[in-house]
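Taking it in order: structure first as structure tokens, then the write-up.
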Amino acid sequence: SQQGEEDPQALSIQEGENATMNCSYKTSINNLQWYRQNSGRGLVHLILIRSNEREKHSGRLRVTLDTSKKSSSLLITASRAADTASYFCATDAGVQGAQKLVFGQGTRLTINP
Amino acid sequence: KAGVTQTPRYLIKTRGQQVTLSCSPISGHRSVSWYQQTPGQGLQFLFEYFSETQRNKGNFPGRFSGRQFSNSRSEMNVSTLELGDSALYLCASSLTTGVHIQYFGAGTRLSVL
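Taken in sequence, the protein lines are chains X and Y.
Remember, our numbering sits 21 above the position in the first sequence when you count from 1.
Remember, our numbering sits 57 above the position in the second sequence when you count from 1.
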């Protein structure tokens, strides 16, 4: 079963606009990660936010985490065609010491030129 | 540094056969995890190996097995293939066990006919 649920499932915007994706999870976590996947390829790590952090930035990416609501959001600013991909949140599901990431179903982002 | 290498990239098998997939982690990485990705179930954790020991296992039948060698390379095996085993199988490596950033290979796409 999936720990994370992403919303929306698909998002289509114009190049230059901002894209926001949300992730909700069910159990307590130690940290939450966001990954990107280009069509049918492997995943690329974007950002990790720990449970005691509320916001983190990396370039055009901004991630927020609200542990009281068990939710996170990923904001991509000034989108580019190359940002077209699927985006997944992944949590450690609170399993101490075990390398088990539980992924959401993902948001498919399309950037239109 | 070379990334995570998975071989083969594509595989076609028939029901009842068995298959072995290979993963070479990033040099120096000692933890290898395997995931199955399907359109219906999304990304699901199969198992993690660290120092040649299985550290964690997902909810998959015993037909799915794996191992890790002393050089950290890993293989996963699926016996008695079923149509539902058709998927993209992703391998990820990280420096050590525990929840860390994972680096993914491009995957092996398995089609079972």
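Glycine residues also receive a C-beta, built at the ideal position from the N, C-alpha and C atoms.
Counting only Cβ pairs nearer than 7 Å, list the residues of chain Y close to residue i.
i, result
"L122(X)", "F102, Q159"
"G37(X)", "Correct list: empty, because the minimum Cβ distance to chain Y is about 29 Å."
"Q126(X)", "G99"
Classify residue i: buried if its beta carbon has 16 or more other beta carbons within 10 angstroms, exposed otherwise.
i, result
"T159(Y)", "Looking at the sequence itself, residue 159(Y) is Gln, so the reference to Thr does not match. It counts as buried."
"D87(X)", "exposed"
"R112(Y)", "buried"
"P65(Y)", "exposed"
"Y108(X)", "buried"
"F126(Y)", "exposed"
"A31(X)", "exposed"
"Y146(Y)", "buried"
"A40(X)", "buried"
"H78(X)", "exposed"
"R72(Y)", "exposed"
"A106(X)", "buried"
"L170(Y)", "exposed"
"P82(Y)", "buried"
"A59(Y)", "exposed"
"G37(X)", "exposed"
"G85(Y)", "exposed"
"G127(X)", "buried"
"S33(X)", "exposed"
"T154(Y)", "buried"
"N90(X)", "It should be noted that the sequence gives Lys, not Asn, for residue 90(X). So K90(X) counts as exposed."
"S22(X)", "In this predicted model, S22(X) has a pLDDT of only 44, less than 50, meaning its place in the structure is not dependable; the value taken from the coordinates is given anyway. S22(X) should be labelled exposed."
"V65(X)", "exposed"
"S90(Y)", "buried"
Output, in chain order, the set of chain Y residues within a Cβ distance shorter than 8 Å of residue i.
i, result
"R62(X)", "A163, G164"
"L69(X)", "I158"
Name the DSSP beta bridge partners of residue i, please?
i, result
"T112(X)", "L53(X), V123(X)"
"H78(X)", "R83(X)"
"R166(Y)", "Y67(Y), L145(Y)"
"A40(X)", "I97(X)"
"E26(X)", "S45(X)"
"A106(X)", "L130(X)"
"T62(Y)", "S81(Y)"
"L32(X)", "L130(X)"
"H66(X)", "Y56(X)"
"R72(Y)", "Its beta-bridge partners do not exist; DSSP assigns none."
"N134(Y)", "T77(Y), S122(Y)"
"S92(X)", "S45(X), D87(X)"
"S151(Y)", "S88(Y)"
At 8 Å on the CB atoms, spell out the chain X contacts of residue i, in chain order.
i, result
"G141(Y)", "Per Cβ cutoff of 8 Å: no residues; G141(Y) is ~17 Å from chain X at best."
"L147(Y)", "G63, L64"
Under the assumption that residue i contacts residue j (Cβ atoms under 8 Å), give the Cβ distance between them as a whole number of angstroms.
i, j, result
"G125(X)", "G164(Y)", "The Cβ separation is near 18 Å, so there is no contact."
"I69(Y)", "S136(Y)", "Their Cβ separation, rounded to whole angstroms, is 17 Å, which puts I69(Y) and S136(Y) out of contact at 8 Å."
"F121(Y)", "L103(Y)", "6 Å"
"S50(X)", "D113(X)", "Looking at the sequence shown, residue 50(X) is not Ser but Ile. Indeed, because the Cβ distance is near 6 Å, the residues count as touching under 8 Å."
"I68(X)", "S93(X)", "At roughly 10 Å, the Cβ-Cβ gap does not stay under 8 Å, so I68(X) and S93(X) are not in contact."
Should residue i be flagged as near chain B, meaning a C-beta pair shorter than 9 Å?
i, result
"V61(Y)", "No chain B is part of this structure, whose protein chains are labelled X and Y."
Legend entry - beta strand (DSSP E) segments (min. 3 residues) lying fully within the region 74–132 of chain Y: Those beta strand (DSSP E) runs which fall completely within the region 74–132 of chain Y and span 3+ residues are 76–81, 88–95, 99–107, 110–114, 121–125.
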